[in-house]
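Novice: Residue numbers (the numbering used here): 47 to 166.
1. Between which residues of its own chain and residue 121 is the CB-CB distance below 6 Å, once the five residues before and five after are set aside?
2. Opposite residue 123 in the DSSP bridges: which residues?
3. Who are residue 65's beta bridge partners in DSSP?
4. Determine the DSSP secondary structure at residue 70, reduced to helix, strand or coil.
5. May I ask you to list the residues that DSSP assigns as paired with residue 77?
6. Rounding to the nearest angstrom, what Cα-Cα distance links residue 110 and residue 125 in this structure?
7. If you compare alpha carbons, which of 74, 98, 141 is closest to residue 151?
8. Grab me the residues of residue 63's own chain with a C-beta within less than 8 Å of its C-beta, minus the 5 sequence neighbours each way, in chain order.
9. Would residue 82 and residue 103 be called neighbours here (beta carbons separated by less than 8 Å)?
10. For the candidate residues 149, 153, 154, whose alpha-carbon lies nearest to that of residue 68?
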């Protein structure tokens, strides 16, 4: 006999992106310094290959924004960017020359030589 809707248990949904500890620590630091609630991740048309990542501060969750809370960091994903970002891992790396967020995106079909843009 099939289960009714009430009897079915909802499986926990996997977050559309993963944050490394380093990325989460940097996001928490930025939010604390600037006194904002969230960092909002999106994409926009730009660069040699079509799309580039955007990170902005946000104080409110939009109606269709996807919220990811991982390692104490709160990230909103712009709904228009979601299909380009599913399965991505966000890291933060620092060396003697630079510090930056690095995106490992399984949807990316190609990147430009400078690393500033990608295509899906």
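From the three backbone atoms N, C-alpha and C, an ideal C-beta is built for every residue, glycine too.
Specialist: Reading off the structure:
1. In the chain shown, counting from the first residue as 1, residue 121 sits at position 75. A distance below 6 Å between beta-carbons, with the five flanking residues on each side excluded, links residue 121 to the following residues of its chain, in chain order: 85, 87, 114.
2. Your numbering for residue 123 matches position 77 in the chain shown. According to DSSP, residue 123 bridges with 87, 112.
3. Counting from one through the chain shown, the residue named residue 65 turns up at place 19. Residue 65 is bridged to 136.
4. For the purposes of this step, residue 70 is taken as residue 24 along the chain shown, with counting starting at 1. Three-state DSSP puts residue 70 in a helix.
5. Position 31 of the chain shown holds residue 77. Note: residue 77 sits in no beta bridge, so no partner.
6. Working through the chain shown from its first residue, we reach residue 110 at position 64. Working through the chain shown from its first residue, we reach residue 125 at position 79. One C-alpha to the other measures close to 6 Å.
7. The count along the chain shown starts at 1 and reaches residue 151 at position 105. Closest option to residue 151, Cα to Cα, is 98.
8. Within the chain shown, numbered from 1, the residue matching residue 63 stands at position 17. Hits under 8 Å: 87, 114, 121, 123, 131, 132, 133, 134, 135, 136.
9. The residue given as residue 82 occupies position 36 in the chain shown. The residue given as residue 103 occupies position 57 in the chain shown. In contact: residue 82 and residue 103 (Cβ atoms closer than 8 Å).
10. For the purposes of this step, residue 68 is taken as the residue at position 22 of the chain shown. The shortest Cα separation from residue 68 among 149, 153, 154 belongs to 149.
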